[in-house]
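**Q**
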Amino acid sequence: MSQEQAAAKSGSPGAAGASSDNTEEDLNEDKPMSFWEHLDELRKRLVRSILVFFAACIAGWEVREKLLHFLTVPFVQAWREQSLPGNPSLHFGAPAAAFVAYFKLSMIGGAALASPFIFYQLWAFVAPGLYAREKRYVIPFVLFSTILFVGGGLFGWRAAFPISFGYFLSMAGTVGGDGVTITPTVMMGDYLDFVAQLLLGFGIIFEIPLIVLFLSIAGLVNYLQLIMFGRWFVFAAFVLAAILTPPDITSQLVMAVPMCLLYVLSIGLAYVFGKPPTDDQRAAYKKRKQKEVSQG
Numbered sequence: 276m277s278q279e280q281a282a283a284k285s286g287s288p289g290a291a292g293a294s295s296d297n298t299e300e301d302l303n304e305d306k307p308m309s310f311w312e313h314l315d316e317l318r319k320r321l322v323r324s325i326l327v328f329f330a331a332c333i334a335g336w337e338v339r340e341k342l343l344h345f346l347t348v349p350f351v352q353a354w355r356e357q358s359l360p361g362n363p364s365l366h367f368g369a370p371a372a373a374f375v376a377y378f379k380l381s382m383i384g385g386a387a388l389a390s391p392f393i394f395y396q397l398w399a400f401v402a403p404g405l406y407a408r409e410k411r412y413v414i415p416f417v418l419f420s421t422i423l424f425v426g427g428g429l430f431g432w433r434a435a436f437p438i439s440f441g442y443f444l445s446m447a448g449t450v451g452g453d454g455v456t457i458t459p460t461v462m463m464g465d466y467l468d469f470v471a472q473l474l475l476g477f478g479i480i481f482e483i484p485l486i487v488l489f490l491s492i493a494g495l496v497n498y499l500q501l502i503m504f505g506r507w508f509v510f511a512a513f514v515l516a517a518i519l520t521p522p523d524i525t526s527q528l529v530m531a532v533p534m535c536l537l538y539v540l541s542i543g544l545a546y547v548f549g550k551p552p553t554d555d556q557r558a559a560y561k562k563r564k565q566k567e568v569s570q571g
């Protein structure tokens, strides 16, 4: 009999010790974190995200003029479509206003550049509370959350910006019997605040399908619950659009309508990939539909 077989048969202290160490490691991995440990973990993730964000802002500062050119394309197009006099231009009043505006611009670029790392830190924070099969989705989560966030911003830039700028600039011109002329003087800082608000808003709402998908996979929601919540979501979509967009109905519609369409997409994803509703939930849904039909 070999020494290895004898040790295994006799249950040597070394083998028992190794087994004990492995068991202890498994227990440590499965051991739930305390409230203060969660806070410490959150602090670490936030610090890392902030450091990477500032590093990305520095990179954004280096290409600030290219970013400004990119973000002003819809503004220039709207200016020319309205046949306004002169060349489209941005102004600044205070001596440091241009510097502050460029700093805001670098933060916009930094947020887009750092978004993959930030989404990974978000996942790493919630991962300890997930099952092993759910932790496997880390790469799809980081990938698709980044694509949806950046894609939402690009949608806002491509769809919402031209509509909003065209609406605002259409108010310029000569009005009244005395020939009073309304001339737009667009300040650089105000313009970038407007752009940042829309970019962030569209980036967030485009995350809706991904969030609902993971909630449905985790069994927290199902497609039937989403359908029943639909009317309240439409109301919430217009309220959120009123908060995240400038105070005009055009910008709000441009944000709220895609939000509702994304919610419909989320219902489809939950139906395909999520857990099915229970019999009680199906019965409650049928009862509710019958009640609506009888009242209608």
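Just so we're aligned, residue 276 is where the sequence shown starts under the working numbering, counting upward by one.
In this text, a Cβ means the ideal position worked out from N, Cα and C, and glycines have one as well.
Here the structure is a predicted model, which means the values were calculated and not measured.
Phe513 to Ala559, Cα distance in whole Å?
**A** Walking along the sequence shown from the start, residue 513 turns up at place 238. Walking along the sequence shown from the start, residue 559 turns up at place 284. Each residue's Cα considered, the two are about 27 Å apart.
**Q** To the nearest angstrom, report how far apart Ala434 and Leu475 are at their CA atoms.
**A** Position 159 of the sequence shown, counted from the start, is the residue given in the question as residue 434. Position 200 of the sequence shown, counted from the start, is the residue given in the question as residue 475. So the alpha carbons of these two residues sit roughly 14 Å apart.
**Q** According to the neighbour-count rule (16 or more other Cβ atoms, all chains shown, within 10 Å of its Cβ), is Ser364 buried or exposed?
**A** For the purposes of this step, residue 364 is taken as residue 89 along the sequence shown, with counting starting at 1. So Ser364 ends up on the exposed side.
**Q** When you compare the CB positions of Ile480 and Met534, do they come within less than 8 Å of one another, or not?
**A** Your numbering for residue 480 matches position 205 in the sequence shown. Your numbering for residue 534 matches position 259 in the sequence shown. Contact: yes.
**Q** Strictly by DSSP, which residues pair up with Ile457?
**A** Along the sequence shown, one-based indexing puts residue 457 at 182. Gly448, per the DSSP bridge assignment.
**Q** Tell me whether Gln570 is buried or exposed, calling it buried when 16 or more other Cβ atoms sit within 10 Å of its Cβ.
**A** The residue given as residue 570 occupies position 295 in the sequence shown. Exposed is the call here.
**Q** Might you give, ordered along the chain, the residues of its own chain that have their beta carbon closer than 8 Å to the beta carbon of Tyr377, omitting 5 neighbours on each side?
**A** If you number the sequence shown from 1, residue 377 lands on position 102. For Tyr377, where only same-chain residues beyond five positions count, the Cβ hits under 8 Å are Trp336, Arg339, Leu343.
**Q** Tell whether a beta-carbon distance below 8 Å holds between Gln500 and Ala516.
**A** Working through the sequence shown from its first residue, we reach residue 500 at position 225. Working through the sequence shown from its first residue, we reach residue 516 at position 241. It is not a contact, given that the beta carbons lie outside the stated cut-off.
**Q** Contact between the region 486-493 and the region 390-403: three or more CB pairs below 8 Å?
**A** No, they do not touch.
**Q** Quick one: residues in its chain with C-beta nearer than 6 Å to the C-beta of Phe436, no 5 flanking neighbours on either side, listed in chain order?
**A** As a first step, residue 436 is located in the sequence shown; it is residue number 161 there, counting from the start. Excluding sequence neighbours, Phe436 sits near Pro349.
**Q** Could you give the distance in angstroms between the alpha-carbon of Gly361 and the alpha-carbon of Ala353?
**A** The count along the sequence shown starts at 1 and reaches residue 361 at position 86. The count along the sequence shown starts at 1 and reaches residue 353 at position 78. Rounded to whole angstroms, Gly361 to Ala353 spans 13 Å at the Cα level.
**Q** Taking all protein chains shown into account, decide if Thr347 is buried (16 or more other Cβ within 10 angstroms of its Cβ) or exposed.
**A** Here the question's residue 347 lines up with position 72 in the sequence shown. With 16 or more Cβ atoms within 10 Å of its Cβ, Thr347 is classed as buried.
**Q** Excluding the 5 residues preceding and the 5 following Phe548 in the sequence, name in chain order all residues of the same chain whose CB lies nearer than 8 Å to its CB.
**A** By one-based count along the sequence shown, residue 548 stands at place 273. The residues are Leu488, Ser491, Ile492.
**Q** The alpha helix (DSSP H) that contains Ser364, what's its start and end?
**A** Your numbering for residue 364 matches position 89 in the sequence shown. Segment: none, Ser364 is in no alpha helix (DSSP H) and carries neither H nor E.
**Q** From Lys379 to Ala331, what distance separates their C-alpha atoms?
**A** Taking the sequence shown and counting its residues from 1, the one referred to as residue 379 is at position 104. Taking the sequence shown and counting its residues from 1, the one referred to as residue 331 is at position 56. So the two alpha carbons sit approximately 13 Å from each other.
**Q** Do Val425 and Ser381 come within 8 Å of each other at the CB atom, strictly closer than that value?
**A** As a first step, residue 381 is located in the sequence shown; it is residue number 106 there, counting from the start. As a first step, residue 425 is located in the sequence shown; it is residue number 150 there, counting from the start. No, these two residues do not count as a Cβ contact at 8 Å.
**Q** Shortest alpha-carbon distance to Ala373 belongs to which of Lys550, Asp468, Gln357?
**A** The sequence position of residue 373 within the sequence shown is 98, counting from 1. Comparing Cα-Cα distances from Ala373 to each of Lys550, Asp468, Gln357, the minimum goes to Asp468.
**Q** For Leu317, count neighbouring C-beta atoms within 10 Å of its own C-beta (all shown protein chains included) and say buried if the count is 16 or more, exposed if not.
**A** As a first step, residue 317 must be located in the sequence shown, where it is residue number 42. The residue is exposed, with fewer than 16 neighbouring Cβ atoms inside 10 Å.
**Q** Use the C-beta contact count for Phe510: other C-beta atoms within 10 angstroms, 16 or more gives buried, fewer gives exposed.
**A** Counting from 1 along the sequence shown, the entry for residue 510 is found at position 235. Exposed: under 16 other Cβ atoms inside 10 Å.
**Q** Go through its chain and collect everything with a Cβ distance to Phe508's Cβ below 7 Å, but skip five positions before and after it.
**A** Translated into positions along the sequence shown, residue 508 becomes position 233. Within the same chain, Phe508 has close Cβ partners Tyr538.
**Q** Where DSSP assigns a beta bridge to Met462, which residues make up the other side?
**A** Here residue 462 corresponds to residue number 187 of the sequence shown, with the count starting at 1. Answer is His366.
**Q** State buried or exposed for Phe443, treating a residue as buried only when at least 16 other CB atoms are found within 10 Å of its CB.
**A** Taking the sequence shown and counting its residues from 1, the one referred to as residue 443 is at position 168. By the 10 Å Cβ count, Phe443 comes out buried.
**Q** In the DSSP assignment, the alpha helix (DSSP H) including Lys379 goes from what residue to what residue?
**A** Taking the first residue of the sequence shown as position 1, residue 379 is located at position 104. Segment 372-401, the alpha helix (DSSP H) holding Lys379.
**Q** Exposed or buried, which one is Phe572 when buried takes at least 16 other CB atoms within 10 Å?
**A** Outside the shown range of the chain, which is 276 to 571, sits residue 572, and nothing can be said about it.
**Q** Please classify Gln565: is it buried, with 16 or more other beta-carbons within 10 angstroms of its beta-carbon, or exposed?
**A** To locate residue 565, count along the sequence shown from 1; it is residue 290. It counts as exposed.
**Q** Tell me whether Pro552 sits in a helix, a strand or coil according to DSSP, three-state version.
**A** The residue labelled residue 552 in the question sits at position 277 within the sequence shown. Residue state, collapsed to three classes: coil.
**Q** Starting from Trp354, trace the alpha helix (DSSP H) both ways and give me its first and last residue.
**A** What you label residue 354 is simply residue 79 of the sequence shown in a count that begins at 1. Per DSSP, Trp354 belongs to the alpha helix (DSSP H) from 348-356.
**Q** Below 8 Å between beta carbons: does that hold for Phe477 and Gly427?
**A** The residue you call residue 477 lines up with position 202 of the sequence shown. The residue you call residue 427 lines up with position 152 of the sequence shown. Cβ distance < 8 Å, so Phe477 and Gly427 count as in contact.
**Q** How would you write the range of the alpha helix (DSSP H) that Pro484 sits in, first residue to last?
**A** For this step, residue 484 is matched to residue 209 along the sequence shown. Taken as a continuous stretch (DSSP letters only), the alpha helix (DSSP H) holding Pro484 covers 483-492.
**Q** What would DSSP say about Ser287, mapped onto helix, strand or coil?
**A** Taking the first residue of the sequence shown as position 1, residue 287 is located at position 12. No answer about Ser287 holds up, because its pLDDT of 45 lies below 50 and its placement is not dependable.
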